[in-house]
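Undergrad: Structure below; questions to follow.
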């Protein structure tokens, strides 16, 4: 038997370390295609000259290119037989990634819990992405619901990891040399500084993008994500392909440019939930709530904690009276970004 059906829930044990296959060297092609798939326009990830003015050697890759590349490596081993990707925590962007860097991924199983139906279970993994120099560039925890192969397989002893509700501002990694004291607000496309955003403020990003079947499958293939639910229309009872959650994250982040163009770098993911499934034909819109602000030691650089919400309708309530996400909420992402002071 030379082929594999992938891992099922009973194949995971706490403490397992998985070295994921197929390292990936990133080029300008990934950046160009990323900007073709999403309305991404943040200046730091678009212009070498802008990046040099901000103290970097050249323009880094969009942070979500790094995330998707590292994530994609894990799919054949972690979520090939997933029912759903449930959430994220403790995400830290540890170093910028540049054109020519080669990324590899490894994951450690840190939790398992069988569902009450006995047909699936939740697996928690901590994934680390590493560049060609052995330097860690990204670390995050995610949890995913995975089918069982053998319904008679005994349930494992539940282990649920204790995860931080949010990253402390002092634990954020600001890239070496980053300096916003000579920041070009005209080139960036927005005059609003870090201090212009008040905690509790909500920004409606106004624009919307309708998800197309071909585009989301192209995007998912770009990151070498092989999860069956995104491609195989026979994999779900309703015959619909589920949109990769990362596609929604990138779409919402790109839409947030209108109102938050100066949130230039993602440095932390405190938590995230794919609240409801997204399908082809849905129109994604986004809004942001400012949760916190913190200074950094880098000249002219401030950190903002932001809640990015993607919806399939116009801006409205996040949760209903019972505390559940409303049906139109697709994504609830809590993250830290760096902005000019």
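Numbering (our numbering), first residue to last: 135 to 475.
Quick reminder that beta carbons are idealized off the backbone N, C-alpha and C, glycines included.
Determine the burial state of residue 278: buried for a count of at least 16 other Cβ atoms within 10 Å of its Cβ, exposed for fewer.
TA: Classification for residue 278: buried.
Undergrad: Relative to the alpha-carbon of residue 373, which residue among 379, 380, 365 has its alpha-carbon at the smallest distance?
TA: Nearest option by C-alpha distance: 365.
Undergrad: Quick check on DSSP: helix, strand or coil for residue 328?
TA: Here residue 328 sits in helix by DSSP.
Undergrad: In the DSSP output, what is residue 263 paired with across the bridge?
TA: Looking at the DSSP assignment, residue 263 forms a beta bridge with 239, 272.
Undergrad: Cα separation between residue 474 and residue 393?
TA: Cα to Cα, the separation comes out at about 14 angstroms.
Undergrad: Could you compute how far the alpha carbon of residue 446 sits from the alpha carbon of residue 197?
TA: Computed Cα separation, rounded: 24 angstroms.
Undergrad: Let's test the definition: count the other Cβ atoms within 10 Å of the Cβ of residue 166 and tell me whether it reaches 16, buried, or not, exposed.
TA: Result: exposed.
Undergrad: Below 8 angstroms on the Cβ atoms is my guess for residue 267 versus residue 207; work out the distance and round it to an integer in Å.
TA: That pair is no contact at about 17 angstroms.
Undergrad: Mapping the DSSP letters down to three states, classify residue 202 as helix, strand or coil.
TA: It is helical.
Undergrad: What span of residues does the alpha helix (DSSP H) with residue 232 cover, start to end?
TA: Per DSSP, residue 232 belongs to no alpha helix (DSSP H) and is neither H nor E.
Undergrad: Nearest-angstrom Cα distance between residue 312 and residue 184?
TA: Cα to Cα, residue 312 sits roughly 12 angstroms from residue 184.
Undergrad: So residue 233 and residue 162 are supposed to be a Cβ contact under 8 angstroms. How far apart are they, rounded?
TA: Residue 233 to residue 162, Cβ: 5 angstroms. Contact.
Undergrad: In terms of DSSP beta bridges, what is residue 277 paired with?
TA: Answer is 221, 258.
Undergrad: Hey, which unbroken runs of the alpha helix (DSSP H) at 4 residues or more fall wholly within the stretch 345 to 374?
TA: Correct list: 347 to 356.
Undergrad: Hey, is the stretch 220 to 231 in contact with the stretch 422 to 431, meaning 3+ C-beta pairs nearer than 8 angstroms?
TA: As far as the Cβ criterion goes, the stretch 220 to 231 does not touch the stretch 422 to 431, which means the pair count is below three.
Undergrad: Is it buried or exposed, residue 367, if we count other Cβ atoms within 10 angstroms and call 16 or more buried?
TA: So residue 367 ends up on the exposed side.
Undergrad: CA-CA distance, residue 335 and residue 456?
TA: Going by the C-alpha atoms only, they are around 24 angstroms apart.
Undergrad: Based on the DSSP output, what are the partners of residue 289 in its beta bridges?
TA: The partner list for residue 289 (beta bridge, DSSP) is empty, contrary to what the question assumes.
Undergrad: When DSSP labels each residue in this structure, what does residue 178 get in the three-state scheme?
TA: Note: residue 178 maps to helix in three-state DSSP.
Undergrad: List the whole-angstrom C-beta distance separating residue 468 from residue 300, where the pair is believed to meet the contact cut-off of C-beta under 8 angstroms.
TA: Going by Cβ atoms, the distance from residue 468 to residue 300 rounds to 7 angstroms, so yes, they are a contact pair.
Undergrad: Terminal residues of the continuous alpha helix (DSSP H) containing residue 168?
TA: Where residue 168 is concerned, the enclosing alpha helix (DSSP H) stretches over 162 to 171.
Undergrad: Go ahead and label residue 282 buried or exposed: buried means 16 or more other beta carbons lie within 10 angstroms of its beta carbon, across all protein chains shown.
TA: Residue 282 should be labelled buried.
Undergrad: Considering only the alpha carbon of each residue, which of 290, 298, 202 lies closest to residue 263?
TA: Considering only alpha carbons, the answer is 202.
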